[in-house]
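J.: Can you read through this structure? Questions will come right after.
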Amino acid sequence: MRGIESFQRGARLLLACGLLAAPAAEAGELRVLLEGDAGLRSDGNALQAAAEGEAEPRHEHFARAGLRLGLSYALRRLDLALDYAPAYERSLEDAQLDGLSHRLGLSLVAKGVRSTVRVAEQLLKTPGLELASQPALIAPDTLLVPRRGDQLSQLFDVGYTFDVNRRNAWNAGARHAVRSFEHSDLVDSTTYGLYTGWSWQVRELRSVALQLAADHTEYQQDRSADAATLGLGYEATLSRDLHVRAEGGLFAVETTGGRVRRPVFEPPQPEEPGADEELSETGWRAGLALDRRGELLGWAVALRHDISPGIGRGEPIVLDSAFAALTFAAGRRVTFGLNGQAARHRDLRDDAVATEFLAGSVRADWRFLPAAGLTAAYTRVWQESDAAPIDDLSYDRYEVGLRVRLWQSGEKPRDPGHLGEPEDEEPVAP
């Protein structure tokens with residue numbers, strides 16, 4: 213299975229980085245944090261499928277136990293950061309819903325006199341939906357709820373940046389993404405991509421970048437898609453805590469071969485399961501993100517309009533997505549969080565809306581001891597779909613959990629997603 217092979221590749225990469233760092237552990241700064249967590253969850257639609265003959269799907273209850281390993285290692289010109297969290301969930305009603313999930317983030321940054329190499333691996337393997345991980349993990353096009361079953365999303369990225377002078381830099385890189393599903397109605401896909409660009413620092417803490425990328429996506433049923441994107445971006449630090457990023461550009465996509473599954477939920481005819489179709493389209497793409505990383509108050513807002521490979525669909529789609537989050541610290545021990553996320557998928561052929569997704573959650577964290585804390589969260593999920601592999605959903609999720617620090621060495625480990633940035637600019641996690 214392609215998903216299992218991708219997971220094994222990620223595990224081997226993690227092991228290799230650990231072996232490379234181990235011989236020199238005494239020469240750099242090593243930070244390690246190991247936490248354990250346990251909790252209960254009540255899910256209004258654990259099957260993640262439309263109810264048949266029921267006004268409301270029944271609630272399923274789960275017990276959860278997991279670990280989280282955070283590790284970062286810093287040398288003068290080399291930084292490594294890891295965040296790995298395996299967890300096991302056991303249903304209190306149906307043993308068939310039991311499952312094991314893995315979440316991995318890994319970053320490596322090597323700096324020379326005028327050049328920088330970055331390697332990043334992100335992986336999510338889950339039998340259900342992990343909303344807390346969705347906004348930043350893998351890609352924004354994961355904002356939908358496919359049918360239940362083991363799912364794997366993996367993104368590997370390696371990039372190179374060369375500082376031509378104090379204000380100009382050239383970058384290039386390659387990426388590989390895998391999205392696979394256990395459910396037979398969902399289409400697995402593999403994406404290979406190359407990108408290059410040029411950035412200009414127009415003034416201190418303000419820069420403009422031109423980026424060109426090409427991606428090739430292979431689907432099941434011998435179908436593939438080629439996409440090219442061009443973007444002009446602007447990034448600035450407006451104040452000590454306020455950051456802004458904006459991008460605009462164009463895309464072109466072309467699909468070839470195989471049989472495409474119709475997005476409209478109409479049972480296909482037995483003698484005609486699909487239709488051979490080729491598609492060639494162009495359009496515009498844009499994105500905007502604002503975030504403030506304060507010690508007591510933090511918030512983030514992001515909007516995006518772009519081309520997407522189409523999670524589980526077997527063909528590219530146009531994605532509109534939005535995300536907003538607010539974090540507030542009430543003293544040194546209590547933190548509250550609010551976030552909302554939304555996505556809309558449009559069919560490239562006729563611009564019809566295929567899937568709409570909306571989720572909102574509220575969360576409270578109470579660290580009653582330096583090494584222990586409690587978490588409570590409520591989430592509401594809504595989804596409407598005309599795509600056959602995706603169902604209409606509307607349900608609640610309730611969670612409570614206990615997190616305990618088992619072992620720590622050094623200060624808090626660096627966040628893999630922000631490795632290479634100044635440490636005081638990293639968002640403060642609860």
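Just so you know, the sequence shown maps onto residues 213 to 642 in this note's numbering.
Built from N, CA and C at the ideal position, the CB exists for glycine as well.
1. Pull up the DSSP beta-bridge partners for residue 605, would you.
2. Taking the straight line between their C-alpha atoms, what separation do you get for residue 306 and residue 274?
3. Is residue 418 close to chain D, meaning its C-beta is less than 9 Å from at least one C-beta of that chain?
4. Taking the alpha-carbon positions, what's the residue 462 to residue 407 distance?
5. Return the residue from the list 303, 612, 331 and 449 that minimises the CA-CA distance to residue 294.
6. Measuring only the C-alpha atoms, how far is residue 633 from residue 291?
7. Taking a contact to mean a Cβ-Cβ separation below 9 Å, would you say residue 358 touches residue 433 in this structure?
8. Classify residue 427 as buried or exposed, calling it buried when 16 or more other Cβ atoms lie within 10 Å of its own Cβ.
9. Tell me the DSSP bridge mates of residue 430?
10. Around the Cβ of residue 364, are there at least 16 other Cβ atoms within 10 angstroms (buried) or fewer (exposed)?
11. Considering only the alpha carbon of each residue, which of 593, 303 and 317 lies closest to residue 311?
12. Considering only the beta carbon of each residue, do residue 445 and residue 425 sit closer than 9 Å?
13. Relative to the C-alpha of residue 178, which candidate in 497, 286, 280 and 369 has its C-alpha closest?
14. Going by DSSP, name the residue or residues bridged to residue 509.
15. So residue 363 is in the beta strand (DSSP E); what residue range does that whole segment cover?
16. Within 10 angstroms of its Cβ, does residue 553 collect 16 or more other Cβ (buried), or is it exposed?
17. Would the segment 387 to 407 count as touching the segment 502 to 520 if we require 3 or more Cβ pairs under 8 Å?
18. According to DSSP, simplified to helix, strand and coil, what is residue 643?
19. Suppose you measure from the CA of residue 527 to the CA of residue 431; what does that come to, to the nearest Å?
20. In whole angstroms, what is the alpha-carbon distance linking residue 571 and residue 561?
21. What three-state label does DSSP hand residue 307 in the structure shown?
22. Given this structure, state the Cα-to-Cα distance separating residue 549 from residue 612, to the nearest angstrom.
23. Under 8 Å: do the segment 620 to 632 and the segment 317 to 329 share three or more Cβ pairs, one atom per stretch?
24. If you check the beta carbons only, do residue 579 and residue 546 fall under 9 Å apart?
25. Based on the DSSP output, what are the partners of residue 520 in its beta bridges?
26. If you run the structure through DSSP and keep just helix, strand and coil, what is residue 325?
27. Whether or not the segment 531 to 542 and the segment 498 to 512 are in contact is what I'm after, with contact meaning three or more pairs of Cβ atoms, one per stretch, closer than 8 Å; do they touch?
28. Exposed or buried, which one is residue 417 when buried takes at least 16 other CB atoms within 10 Å?
T.: Well, looking at it:
1. DSSP output for residue 605 lists 595 as bridge partner(s).
2. When rounded, the distance between both Cα atoms is 9 Å.
3. Looking for chain D here will not work: only one protein chain is present.
4. 15 Å
5. 331
6. 11 Å
7. no
8. buried
9. 402 and 436
10. buried
11. For residue 311, the nearest C-alpha among the options comes from 303.
12. no
13. Outside the modelled stretch of the chain, which goes from 213 to 642, sits residue 178, for which no answer is possible.
14. Per DSSP, the beta-bridge partners of residue 509 are 540.
15. 363 to 375
16. Flag for residue 553 reads buried.
17. Remark: fewer than three beta-carbon pairs, one from each stretch, lie closer than 8 Å, so the segment 387 to 407 and the segment 502 to 520 are not flagged as touching.
18. Past the boundaries of the shown model lies residue 643; the chain is included only from 213 to 642, so the question cannot be answered.
19. 8 Å
20. 27 Å
21. helix
22. The straight-line gap from Cα to Cα measures roughly 14 Å.
23. yes
24. Yes; because the gap between Cβ atoms is below 9 Å, this pair is in contact.
25. 529
26. coil
27. yes
28. exposed
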